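One structure below.
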Amino acid sequence: MRKGLAGQRLVAVFIAGMLLLNYPVLSLFDRPLVVFGLPLLHVYLFSVWLGLIGVVAWIVERGAR
Amino acid sequence: MLPGWLIIGASFAYLLLLFAVAYFGDRRADAGRSIIDNPWVFSLSLAVYCTAWTYFGSVGRAASGGPWFLPTYLGPTLGLTLAWLVVLKMIRIARSYRVTSIADFVASRYGKSHLLGGLVTLIAVVGIVPYIALQLKAISSGYALLIGEHDSLFRIESQAGWWQDGTLYIALTLAAFTVLFGTRHLDTTERHEGMVAAIAFESVVKLLAFLAVGIYVTYWLYDGFGDLYARAAAVPELHNLLAFDGAGRLGYGGWFAHVLLAMLSIIFLPRQFQIAVVENVNEQHLRRATWVFPAYLLAINIFVIPVAIGGLLHFGRGTVDPDTFVLTLPLAHDQAALALLVFIGGLSAATGMVIVEAIALSTMVCNDLVMPMLLRSRRLDLARERDLTGLLLGIRRGAIVGLLLLGYLYFRLAGEAYALVSIGLISFAAVAQFAPVVIGGMYWRGGTREGALAGLLAGFAVWVYTLLLPSFAKSGWLDPAFLEQGAFGLGWLVPERLFGLTGLDNISHALFWSLVANIGSYVAVSMMRAPTGAEATQAALFVDVFRRGDAPPASFWRTGAEAGELLPLVARFLGQRRTEEAFGAYARSHGLQDASQLKSDPELVHFAETLLAGAIGGASARVMVSTVVQEEPLGLGEVMDILDEASQVRAYSHKLEEKSRALEAATAELRAANVRLQELDRLKDDFMSSVTHELRTPLTSIRALSEMMLDDPEIDVEDRQRFLGIIVSETVRLSRLVNQVLDMAKIESGHAEWHNTDIDLCELVQHSADATLQLFRDRGAELHLHLPASAPSLRADHDRLLQVMINLLSNAAKFVPAGSGRVDVTLRCEGGSARVDVKDNGPGIEPAQQPVVFEKFRQGGDERSRPQGTGLGLPISRQIVEHFGGRLWLESVPGEGATFSFELPLASAAAHE
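Structure follows, in structure tokens:
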């Protein structure tokens, strides 16, 4: 798996994560909007975080089969 | 308010529970049914990352900066996605070469250098001890809050002496616990199964405790997330919690730097290295940890902002320290039991960190600081026979107690100072200095010992200057002017605005400059020289760890020691029983009965060194083994040969290619030689048949005439005279032929004798004309000489050149038409060479025939008109002219006569002698 598909996917997730959780993408969500009664920025940060964990879990557990 | 005995009792009960878990873990490990051989336990034990600093401090950071507590957790999430690439390699390296700490890792990688190991240890201790102090402070202030030593704003009022200070006893208790589980015995792998089990248990406790207070605040005190956020939105001074950079001082660059910092610290903090790399039982566990550990971090942070908002709503800003909200909120609502649970959770976070950190640091201090010094002081040599396991354990236990006391001392000295409360990120920045040398060492072969030293020193120095000293200054231990004016009053040396760099917070600023200095020095100094043999050896082992498989690199010790010497050596450090077990297992795995049958070979030496490395570190192990093994120094070339299989194979195939090319060339030469031999053979046959043919013709006539005279005695005297005249002339012709053949053979074989003298070419031409005068008269031909007044002399064999001239003239005489023949001989000396042309007005020679006349026994003209001759004159002439460095050629137009010319260099003729 090290050099296989899963490894490449993990690197891709890493790059996507760095992109989504940093400037400038992050700045797009820094505005005083409210979603479900919560500030947009907080919802964005936690959902991207959760999304990353989900994708990584999918990749590594799939590869474990 | 809670009574002190209850808190202390609960704390001790909790520690006893931990002890039980750890004991159970060790028992199961001894029984071979490890409870930590499980990806969930591994993932939970990684959560030792969450210390009391994050347990209490996250809420504090959220209360002042909104989402700014998050980079500390987002970094590890991102970093772990790469763990399967980076950490797996570290695990494999650590497993293969018994690396037991990050100092050992760096020291081993750069040629088993004691100096490097010591430096890494030093940086780690300087960076981590204040961090330990922070944990002690968290427990201490938590305890003070619970027993009510505070005013209405929860400010702690106690100012007891050190002997009454509970923190000291906490530190000592933790030291005792760590000693019990970290150094019960010496293990070659430096694994502590019981301790890991306890850490995983603690992770569960702190998560549950934090979730409990989070749920209590969010759903009990308030009405869920929406309610809290709505209330926060209604208070203007809480708006900065909801925006990205409410505090307005860090910016996106700072955000990125914090993410990067946390990403590095998840690998390079000594406790994380200990848990993730050293304590790892099965590298497949890492796979699940890449998502379970981030999920844990997410879970423990969900309620951070709600608790921060709740605390700020309840107490208002600027009254109660937000770091204590998780305790003070339940206390303010008289939820003493919940507060106690939260305190236990904080105790979990603090003890987990302190235990693992102390074990990791004590291993480093023992293996990379104390042991090298002891080895150097030669005291061990005096006590060679003594069992050293006790000494090793003693050093480690001493180091653990010492580290915790140092932490306590720092806590007492620093108190509430800035230098303590901000130490979390400062520590992260210190261990981030390990990143270039470790990551560079795993992927780049060119790193050298000096490069690593320079990089670490430069990074550490910048870290001290830009983070540690300013934190001292802010605590009032240094002149605060230092912060404003820089060292020596130099403006560009202001520690938090180095070279005038602004726009970054102090952590990002320090991280940037220290990593620039670190990476720059590491790379630049490394590239100043090629790695030595030892460095290249280790570089190949580390970089190619995946390619090497499980085959031991057996060839680095070239001579074996006596097996009988190795076992006692290892036993001195590991204890007799364990050593015998290990050697016995090794012997069985090699198909032998027991250790006494082991033969000493490089592989066994390597095995012993690896065993020792686990106990005393790679660098010291090499020194110890070399005391019984005489290591022949390996040259760089040899090491590269041994190691770099790829290059070896490449070299082989290169050699093969070269050889096959050489073979091809040789074959071609042989084929050419064969062709030439066959040609020569054919020429020889031709020559023989020509010679015999030429000999037979005169012999036949001689024989015929002689027989006639023999058979008929009555022959006329006149006829007899005529016959005898023919016989004589045929005999002359025969002897001339034989002479010429011999001549030819001599010249061709290089055995001819040359009698060089200074020759006047005018005289030579004149001489030849005189010699052939009768011939021309007989044919009725004219001979005209065109000679210059004088000619430079030429050094050559006079008779031979005369032979050439006479040959050319007689040939010309033979071919000119009878009665009207004319032959012109011209001599010219120009451009360093002399040229003679012999021009006749004969029938000329067909272009196709022109090269043929220079071949042996080939005469010009057709068979009938062919005049008398041996057919060797021209070939011999050409050989003679070429011997003197000249050339002989023919120009002819059929019907207009032929010109034979030869040219001789004036200068080089002499040199040819």
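Chains as they are written, first to last, in our numbering: chain W, 182 to 246; chain U, 129 to 1041. Note that the Cβ used here is the ideal one computed from N, Cα and C, for glycine as well. Since the model is a prediction, treat every value here as computed from it, not as a measurement.
If you draw a straight line from the Cα of THR630(U) to the Cα of SER636(U), it is about 11 angstroms long. Sequence-distant partners of VAL470(U) (beyond 5 residues in either direction) whose C-beta falls short of 6 angstroms from its own C-beta, in its chain, are ALA337, VAL341, VAL454, LEU455. For ARG577(U), the secondary structure class from DSSP, reduced to helix, strand or coil, is helix.
Within the region 218-238 of chain W, GLY218, LEU219, PRO220, LEU222, HIS223, LEU226, TRP230, LEU231, LEU233, ILE234, VAL237, ALA238 place their CB atoms closer than 7 angstroms to a CB of chain U, listed in sequence order.
The continuous alpha helix (DSSP H) containing ILE251(U) extends over residues 242-275. Contiguous beta strand (DSSP E) elements confined to the region 690-725 of chain U do not occur, taking only those with 3 or more residues. Inclusion of GLY474(U) and LEU264(U) in the CB contact set at 7 angstroms is not warranted, their separation being larger than that value. Exclusion of the five residues before and after ALA361(U) leaves HIS367, LEU370 as the residues of its chain whose Cβ lies within less than 8 angstroms of its Cβ. Think of a sphere of 7 angstroms around the beta carbon of VAL241(W): the chain U residues whose beta carbon falls inside it are ARG415, ARG416, THR418, TRP419, in chain order.
With a minimum length of 4 residues, the unbroken runs of alpha helix (DSSP H) contained wholly in the region 387-475 of chain U fall at 398-401, 413-429, 432-443, 453-460.
Identification of chain U residues near GLY188(W) by a Cβ-Cβ cut-off of 8 angstroms yields TRP212, LEU213, ordered along the chain.
Listed along the chain, the chain W residues whose CB falls inside 8 angstroms of the CB of ILE395(U) amount to none; the nearest CB is some 14 angstroms away. Cβ contact annotation for PHE431(U) (same chain, cutoff 8 angstroms, sequence separation greater than five): PHE338, LEU339, VAL341, GLY342, ILE343, VAL345, THR346, in chain order. None of the residues of the region 569-592 of chain U has a beta carbon lying less than 9 angstroms from any beta carbon of chain W. Where LEU533(U) is concerned, the enclosing alpha helix (DSSP H) starts and stops at 517-542. Counting only Cβ-Cβ distances below 9 angstroms, TRP383(U) has contacts in chain W at LEU202, ASN203, TYR204, LEU207, in chain order.
By the neighbour-count criterion, in which a residue is buried when 16 or more other Cβ atoms sit within 10 angstroms of its Cβ, HIS242(U) is buried.
A direct Cα-Cα distance of roughly 15 angstroms separates ILE221(U) from HIS734(U).
Exclusion of the five residues before and after ASP211(W) leaves LEU222 as the residues of its chain whose Cβ lies within less than 6 angstroms of its Cβ. Taking C-beta atoms as the reference points, ARG907(U) and ALA940(U) fail to come closer than 7 angstroms.
In this structure, VAL237(W) lies near THR209(U), with their beta-carbon atoms less than 7 angstroms apart.
Taking 7 angstroms as the CB threshold, PRO195(U) lines the interface with chain W. When the beta-carbon positions are compared, ALA488(U) and GLN402(U) come within less than 7 angstroms of each other. Counting C-beta atoms within 10 angstroms of its own C-beta, GLU822(U) has 16 or more neighbours from the protein chains shown and is therefore classed as buried. Flagged as an interface residue toward chain W: LEU206(U), by a C-beta distance shorter than 7 angstroms.
Look at GLY185(W): its C-beta is not under 7 angstroms from any C-beta on chain U. About 6 angstroms separates the CB atoms of PRO220(W) and TYR357(U); that is less than 8 angstroms, so the two are in contact. Interface criterion met: the Cβ of LEU202(U) is under 7 angstroms from a Cβ in chain W. In terms of Cα proximity to LYS984(U), the closest of LEU1002(U), GLU974(U), ARG716(U) is LEU1002(U).
Residues of chain U with a Cβ closer than 9 angstroms to the Cβ of VAL194(W) are, in chain order, LEU206, THR209. Closer than 7 angstroms to the CB of LEU335(U) there is not a single CB belonging to chain W. When only Cα atoms are considered, PHE610(U) and ARG625(U) end up about 12 angstroms apart.
With contacts defined as CB atoms closer than 7 angstroms, SER331(U) and LEU172(U) qualify as a contacting pair. At a cut-off of 7 angstroms, the C-beta of PRO422(U) has a neighbouring C-beta in chain W.
Shown here, ILE887(U) sits in a strand according to DSSP, grouped into three states. In chain order, ASP165 place their CB closer than 7 angstroms to the CB of ASN410(U), counting only its own chain and leaving out the 5 sequence neighbours on each side.
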